[in-house]
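All letters in the sequence shown, in the order written, are residues 5 to 576 by my numbering. Beta carbons are placed, not taken as given, at the ideal position from N, Cα and C, and that holds for glycine.
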Amino acid sequence: MKRLLVSLLSLWGPLGLLGLWGLDSTDSMAQPTQLAQPTRAVSYPLTSVQKVELLKGWTAVLPPRSPGPGLVGVYNPEAVIPPQCYTRTEGRFNPCYVCHQDHIPGRENRMNDAHLQRAYSFSDQGQTNRWRNLFEDRSERVAAISDEDIQAWINEDNFSELAGRLEAVHFRGYIPRLQDLSDGVAAFDEEGFAKDGSHWVAFSYKPFPSTFWPTNGSTDDVMIRLPAKFRHTQDGVYSREVYKANLAILEAAIKGFDSIGSLPIDETQLGQDLDGDGALGRIHALTRSATYVGAASDTRVEPYVYPHRTEFLHTVRYVGVGADGSITNARRMKEVRYMRKRDFLSKTILAHYYDEEYQEKLEGTLPHYPDRGHAGLYNKMGWLLQGFIEDKDGRLRFNTYEETMFCMGCHNTVGSSIDKTYSFPRKIDGAAGWGYINLRGMPDAPTMNEQQGEILTYLERVGGGTEFRSNPEMAARWYHTDGSVNYAAVAAARDVYELITPSPARALLLNKAYKLIVEEQDFIYGRDATVSPLANVYEYVDNTTAPTLPLDKIYAWDIRLNWAAGSAETTE
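Encoded structure:
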C-alpha cells in the first residue's frame, strides 16, 4: 500500500494527488474536477482501502472525495449491514429483535423485516463480514497506552473548533454550532434549552440496547430542533411557550399518545386550551391536537411522523471517568451526527418507497443513496444524514461517503424505528424527559406491552450484555456462572446507570481500543471498541446452513417504553 502511495505521489506530486479528488490545496471540496490522464497506468479510481491510507496522513477538515458516483471504489457495498448482524445466534440467542420488526398499524415504517430474527438472509455480497476490526487483536497496543494519557485524550474538547474550520473552507452543509456542547449538561438550562440561543433542546432518553450502552464503549447525547415557525407566534415573535407546546405535541404524535405531560406552559400566552379543561391557565400536560400551534398552526399533526425540516444533533463520545470513578459523557467526541428532514413524505408515498426497496432487494440491487455533497446522504425516505468523525489526530472531519453510508443501516433499513429515529421515541415521558441525558435515577422501564424491565428482558433473550456476548464485566455482574440471568442482582440495581455503565477500568480500556482505530483511520472495517478478537461473530455466513432461531425465540417488540411502570425522577 505504501508503495502505491509513493507511486501516486511520484506521478502527480502532493497537489496532483489532491486534484485526483477534485480538491485543491486550500482544503475546498467543490464539485469534482475533470482529471488529466496519467502518463503511466495506475489504478483509478482509488479504492476505499487506498483512501484509508490517504486518511492516515490527512489533516484537512474535508476528506478525500471520489470524483465518480458514490459507490465507486466502496470497500463494503453492504455497509448498511452493521457488525451486530453477523453475531452467531447459535439457535438460541436473539439480539436481532430490537431492530427487526414488522409493521405496527398506524406507523410509517413498513420495512416488515421480523423474519430476519429467525434466519440470516444476506445478499451474495453481504454474506462476507467485512467488519475486519472485530477480529483484530489490540491487546498489546492497548496495554502500551497509560491511563493518564487516555484520560488526557478524552478530556480534550475537539468540538469547539469544528465550526470555524468548516467556515474557513466555505462548507455548504450544516455547520455544528452549540456553545459549550463539549461540556454536556452545562450547555443547557434546566428545561433542556441550549443557553446559546440556538434553539436546540436536549432530552433524556433510555439508550438503545445495547449498542449505546456505555459499558460497550460509547456515551452519547441527542438534541432536537424544530423549524422557526414552531418557535414563533402567528405574529412572527419568538415564544418559548409556543416552542414548549409544539415539542409536547410532537412527543405525543411520535409516541402515538392521546395525551402527554409537558414543561409548564402558559395557555394565556397562546390563547388556546391545550389540555381540554375549558379554561386557560398554566398547564403541565396536554391532549392530542390536530395541528401544531403558533405560526405552525397551519401544519397538521401526523402521528409517528416528524414535521418538515425537523433536525436532530447527535454526539457520540468516549466514556468519561470522573475523579470519583463515576461514568460520564466525555468531552471528546468520536462523532457528530446530524439529521434533517428535507422532505415531508406522506405515509402513502413512504409505503410506495418501502415497496420499491423490497423489490430492489429481491432483484439483488445493492444499497445506494444519493450523495448531496456537503449536505450528506439522502436516505430516500425524507431525511438527509451528515456526519463528522475524528481524523488520526483526533480533530473532527467530515465523513467520507462510505462512512456515512454506514449510518443508513439504522436510519433506513430496519423495521423497529419510528420515522427513522430511535432516541426521541425513547425519551422519558413529559417534563421529566426535557433536559440533558441523565441515566442516574432512570428506571429500567419496560417496553410497551411487556411487563418486566427492558434491560432485564434483553439480558434474558440475548445471553450477554452486548449483541456479541463479549462483555465479561456484564457477564460477571448480571449472570450466574452457568449463563443464566442473576435476577436478584438485576433487581438490586438502583437504576439504568448502575445496570449499563462500566467500571472505570473497563471504560479506560475501551477508550484506548477506540483511539487505536482512530489512529488507523480504518472506520470502513468497523468502529466497535474491541480489545481482543470476537469469538461469537461469523466471518462468513452461509444463509442455507447457519443455525436459525425457533419460533419461541422470535419476539414482537415496540421501541417505545412504558415509563408509567416506574418513576422517572432523576437524581444528582
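Contacts around residue 325, its chain only, beta-carbon distance under 6 Å, and the 5 residues preceding and following it disregarded: 508 and 511
Option in 270, 246 and 335 with minimal Cα separation from residue 298: 246
Rounded straight-line distance, which links the Cα of residue 359 to that of residue 369: 14 Å
Nearest to residue 82 (by Cα), restricted to the options 200, 147, 413 and 123: 413
Anticipated Cβ contact below 8 Å, residue 565 with residue 451, distance rounded: 6 Å
Contacts around residue 302, its chain only, beta-carbon distance under 6 Å, and the 5 residues preceding and following it disregarded: none
Length of the line joining the Cα atoms of residue 504 and residue 237: 42 Å
Beta-carbon separation (whole angstroms), residue 56 vs residue 526, contact threshold 8 Å: 5 Å
Residue 243 beta carbon near the ligand SAM (any heavy atom closer than 7 Å): For the ligand SAM, the structure offers nothing, since it holds no ligand at all.
Alpha-carbon to alpha-carbon, residue 58 and residue 585: The displayed coordinates of the chain run from 5 to 576. Any statement about residue 585 would go beyond what the structure contains.
Cα-Cα separation between residue 415 and residue 423, rounded to whole angstroms: 9 Å
C-beta contact flag for residue 219 and residue 506 at 8 Å: yes
Integer Cβ distance of residue 307 from residue 468, believed to fall under 8 Å: 36 Å between Cβ atoms; not a contact.
First and last residue of the uninterrupted beta strand (DSSP E) at residue 319: 315-325
DSSP state of residue 561 mapped onto helix, strand, coil: coil
Touching by the beta-carbon criterion (3+ pairs, under 8 Å), the segment 162-170 and the segment 397-405: yes
Beta-carbon contacts of residue 113 that lie in its chain and below 7 Å, excluding the five residues immediately before and after: 107, 419, 421 and 422
Selection from 295, 272 and 99 that minimises the alpha carbon distance to residue 285: 272
Where the alpha helix (DSSP H) through residue 352 begins and ends: 351-366
The segment 384-397 contacting the segment 140-152, beta-carbon criterion three pairs below 8 Å: no
Whole alpha helix (DSSP H) elements within the segment 60-122, 4-residue minimum: 119-122
Residues near residue 94 in its chain [Cβ-Cβ closer than 7 Å; skip 5 each side]: 551
DSSP-derived helix/strand/coil call for residue 333: strand
Of the residues 257, 88 and 384, the one placed nearest residue 347, counting alpha carbons only: 384
Test item: CB-CB of residue 534 and residue 138 under 8 Å: yes
Beta-carbon proximity list for residue 169, same chain, < 7 Å, skipping 5 on both sides: 65
Nonlocal neighbours in the same chain, by C-beta distance under 6 Å from residue 351, ignoring five residues either side: 112
Residues near residue 145 by beta carbon distance below 7 Å, same chain, minus five either side: 520
Close-in-space but distant-in-sequence residues of the same chain around residue 51 (CB under 6 Å, 5 per side omitted): 77
Beta-carbon spacing of residue 264, residue 283 below 8 Å: no
Assigned exposure category for residue 224 - 16 Cβ within 10 Å defines buried: buried
Proximity to residue 516 [Cα-Cα], best of 242, 545, 157 and 80: 157
Residues of its chain near residue 311, where Cβ-Cβ distance is below 8 Å and the 5 sequence neighbours each way are ignored: 230, 231, 234, 254, 296, 300, 303, 345 and 348
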